[in-house]
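Residue numbers (this note's numbering): 1 to 207.
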């Protein structure tokens, strides 16, 4: 009976255990994301709040209704986005001075258009929904657009993916496939015939 190859078996076992561990980690991430989405859903039902002078360290304010006052627009940036009808185009985000000398000010999505040109909006009171911002962590998506624009799509929890369970299934499948392939390889090795010693031809002139 052939002995089990030690080093290859250890390598495969470690790989399988690692993949199983990654699958379990993804399941835990899925549970965490479920709780996060539930918190976001609750935030949408809470009373409106003032847009914070300093963005919070966590995402506690995402998807909550809020308001703020833009004393002065200090700059504009246009990013790709959609309006409420789902049409692709440009979101126009104003950098606002809010006064008080505290915090970085307020970023406000003042609406959508099919052109990147900055709108003619000088500031004022804004009401909307807090959404994520890649540059400033959060911004306020205005429910009423600036003149010449149409409202941008409001932040939605549908845009927050929760595909950790599918990742977990993939890792578990990888582990199963690796284990099956190695088991088949071991079975084939055990059933392979042992090499036979070479038979030397008799020497010339021998009886």
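All C-beta atoms, glycine included, are put in the ideal place defined by N, C-alpha and C.
The model shown is predicted, which means the values in this text are computed figures rather than measured ones.
Only counting the same chain, and skipping five residues up and downstream in sequence, which positions put a Cβ closer than 7 Å to that of residue 15?
Contacts found: 178.
### Query
Between residue 67 and residue 164, what straight-line distance do the alpha-carbon atoms span, to the nearest angstrom?
34 Å
Hey, is the region 113 to 123 in contact with the region 46 to 55, meaning 3+ C-beta pairs nearer than 8 Å? no
Checklist entry - By Cβ distance, which residues of its chain are closer than 6 Å to residue 143, with the 5 residues on each side in sequence left out? => result 127 and 128
On a Cα-Cα basis, can you pick out the residue from 92, 13 and 130 that is closest to residue 156?
It is 130 whose Cα lies nearest to the Cα of residue 156.
| Should residue 139 be labelled buried (16 or more other beta-carbon atoms within 10 Å of its own) or exposed? | buried
Is residue 152 helix, strand or coil by DSSP? Three-state DSSP puts residue 152 in a strand.
Let me confirm a value: residue 134 is counted as buried when at least 16 other C-beta atoms fall within 10 Å, else exposed. Which label applies? Exposed, by the Cβ-count rule.
Can you tell which of 90, 136, 43 and 154 has its C-alpha closest to the C-alpha of residue 96? 136
Practice task
Identify every run of the beta strand (DSSP E) within the region 117 to 149, keeping only runs that are complete inside it and at least 3 residues long; order them along the chain.
Solution key: 124 to 133 and 137 to 142
Excluding five sequence neighbours on each side, which residues of the same chain lie with their C-beta closer than 8 Å to the C-beta of residue 90? For residue 90, where only same-chain residues beyond five positions count, the Cβ hits under 8 Å are 78, 79, 80, 81, 112, 113, 114, 115 and 116.
_Here's the rule I'm using: 16 or more other beta-carbon atoms within 10 Å means buried, otherwise exposed. How should residue 146 be labelled?_
Buried, because 16 or more other Cβ atoms sit within 10 Å of the Cβ of residue 146.
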